[in-house]
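S.K.:
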Amino acid sequence: MSTPTSPTVLTQDELKTLVGQAALQYVVPGEIVGVGTGSTVNKFIDALASMKDQIKGAVSSSVASTERLQALGIKVFDSNAVDKLSVYIDGADEIDGAGNMVKGGGAALTREKIVAAQSAKFVCIADESKLVQTLGKFPLPVEVIPMATQRVIAQFAAKGGVGKVRQKDGKPLVTDNGQWIVDVTGLQITDPLAFEAEVSQWPGVVTVGVFAYQRAQVCLLGTAGGVKTLTF
Ligand code: 5RP
C-alpha cells in the first residue's frame, strides 16, 4: 500500500519564481521588452537572462532593475530612444478582478507608469496574496514633490485616508526622481479610474499609485495549484 503524500506548499518566494518564469512566454523575440521593478520582477529578470540573445534589450522602470538587467548582460535602452513596446512585465501590490492595480511598494511607480504607457500590453506577475476585491488594502503610494507633502496629506484626510511620508534610515525616502513617497492607508478605491484622474491633478502629485488607465491586460497569478492566467 502506498503512503499518501501531502501536497507541496509553495512559499511566496517560489510562487514569485514561477510567475517570473511564466512571463517569458509574453516576451517577443527580436524586440525590446518593458521591465518593471520589485522582488517578483527580479525573478523575471533572472529568467530573462536565458533568452537575452533573442531580444534587443529592455526599457527599465528603475535604477535597481537597470542594474540587475545590465549585470546579466541585457542591454537597457532609454525610454526616449524607443517608440512603442509590445509588452511590459511588472508586479503589483494589489490587483482587482478588472486588472486595476495599486503599485509603488518599491517606490518606482512614476517610471513604471511611463513604461506601461508606452507598452501595448501590461502583463502583471503576482502571487495570489495580491488579488483583492477592492483596491485599498495595501497603503497607496503617491510620489509627491516634497514642498506639497502636507497639502497632499490634508487632501487625502478629506477622503478618509491617513498619509505618512515613507522613511528610510530615519529620513524621507528619496525616489529615483528625487521626490518623496506618501503612503496612504484607510482608503477604499471603488472607482479606480475616477480616483486616479482626480488625484493626478492635485498640485504637487507626481504620480498616484493607482494604475487604472495603465491597467493590466493579463495577470499571471501564482497559486497553490500553479500559475493561473487572468485576462481582462
Ligand atoms: C514597485 C512596484 C512593485 O511592482 C510592487 O511593489 C510589487 O513588488 P513585489 O514584487 O516585490 O511584491 O510597484 O514600485
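Just so you know, we're using this note's numbering here: the sequence shown kicks off at 147 and counts up by one. Here a beta-carbon is modelled for each residue, glycine too, at the ideal position from N, C-alpha and C.
Between A227 and K259, what straight-line distance do the alpha-carbon atoms span, to the nearest angstrom?
M.R.: If you number the sequence shown from 1, residue 227 lands on position 81. If you number the sequence shown from 1, residue 259 lands on position 113. Rounded to the nearest angstrom, the two C-alpha atoms are 17 angstroms apart.
S.K.: Among W348, L281, K198, which one has its Cα closest to the Cα of I381?
M.R.: This structure leaves residue 381 out entirely; the chain is present only between 147 and 378.
S.K.: By Cβ distance, which residues of its chain are closer than 8 angstroms to S346, with the 5 residues on each side in sequence left out?
M.R.: In the sequence shown, residue 346 corresponds to position 200, counting from 1. Correct list, in chain order: T353, V354.
S.K.: Going by beta-carbon coordinates alone, are T186 and A272 separated by less than 8 angstroms?
M.R.: Residue numbering aside, residue 186 sits at position 40 when the sequence shown is read from its first letter. Residue numbering aside, residue 272 sits at position 126 when the sequence shown is read from its first letter. Cβ distance < 8 angstroms, so T186 and A272 count as in contact.
S.K.: Output yes if chain C places a C-beta closer than 8 angstroms to the C-beta of S275; else output no.
M.R.: Any reference to chain C falls outside this structure, which holds one protein chain only.
S.K.: Can you list the alpha helix (DSSP H) stretches of 4 or more residues lying completely in the stretch 258-341, in chain order?
M.R.: 295-303
S.K.: Under 8 angstroms between the Cβ atoms of K202 and G166?
M.R.: Here the question's residue 202 lines up with position 56 in the sequence shown. Here the question's residue 166 lines up with position 20 in the sequence shown. No, the Cβ-Cβ distance between K202 and G166 is not below 8 angstroms.
S.K.: List the endpoints of the continuous alpha helix (DSSP H) containing S185.
M.R.: Numbered from its first residue, the sequence shown carries residue 185 at position 39. It spans 185-194 - the alpha helix (DSSP H) in which S185 sits, taken as one unbroken run.
S.K.: For the ligand 5RP, is there any heavy atom lying closer than 7 angstroms to the beta carbon of K249?
M.R.: Taking the sequence shown and counting its residues from 1, the one referred to as residue 249 is at position 103. Yes, the ligand 5RP has a heavy atom inside 7 angstroms of this Cβ.
S.K.: K374 by DSSP, collapsed to three states: which one?
M.R.: Counted from its first residue, the sequence shown places residue 374 at position 228. In the structure shown, K374 sits in a strand (DSSP, three-state: E or B).
S.K.: Roughly how many whole angstroms lie between the Cα atoms of G368 and G182?
M.R.: As a first step, residue 368 is located in the sequence shown; it is residue number 222 there, counting from the start. As a first step, residue 182 is located in the sequence shown; it is residue number 36 there, counting from the start. Rounded to the nearest angstrom, the two C-alpha atoms are 17 angstroms apart.
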